[in-house]
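Each residue of the sequence shown is one higher than the one before, counting from 479 in this note's numbering. C-beta: ideal position from N, C-alpha, C; glycine also. See structure below.
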Amino acid sequence: MAQTHVDIDSALEAEQQRLTSRKQELETELAEINSRLARITRYFTDEPTPSSRFSPPSPRRGDRHPRGFVQQTVLKTISEHPQGLSRGEIIKLLATEGIGEQSISNSLSALVEARKVLLPQTRGGKYRSAAAEVPTAPDQPSP
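Here's what the structure looks like:
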């Protein structure tokens, strides 16, 4: 009699595993069907796709620099070096302030476009401030 009880238990466990596995397969298939139906519904309606919906702007992270900080810092650094600075030199100088290389490059492009910085004439040349003072003779006052 004990053997019959063991056979029933193992048969029920096997059936439970089979049904659980089948249920998981059906749930996966149902999720795929629902996804396809949602895509078809969106096709026939004017509802925008989820990726193109406008979402509210995410809050800024606290470790970001304020707007315009990088451009001001790059311009100030270039202005402090009248002989000019290469892009690499600027990156090295500003790395201590936590400003990334891409941010510096973007700022240089914006400053050149705004004509606040002069673009180097040669590859690897030096960026110079467009507002650099015109040198005067030592005995003449500065304007």
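For S585, the secondary structure class from DSSP, reduced to helix, strand or coil, is helix. For the pair L572 and I582, the CB atoms are nearer than the 8 Å cut-off. With the rule of 3 Cβ pairs closer than 8 Å, the stretch 545–560 does not count as touching the stretch 507–524. Y605 is bridged by DSSP to L563. DSSP, read as helix, strand or coil, puts L497 in helix. Using a 10 angstroms sphere on the CB of Y521, the tally of other CB atoms stays under 16, which defines it as exposed. Beta-carbon to beta-carbon, A588 and Q549 are separated by about 6 Å, close enough to satisfy the 8 Å threshold.
The C-alpha of E503 is placed about 23 Å away from the C-alpha of S488.
At the C-beta level, R601 and G562 stay beyond 8 Å of one another. Exposure of V484 is indicated by the presence of fewer than 16 other C-beta atoms within 10 angstroms of its C-beta.
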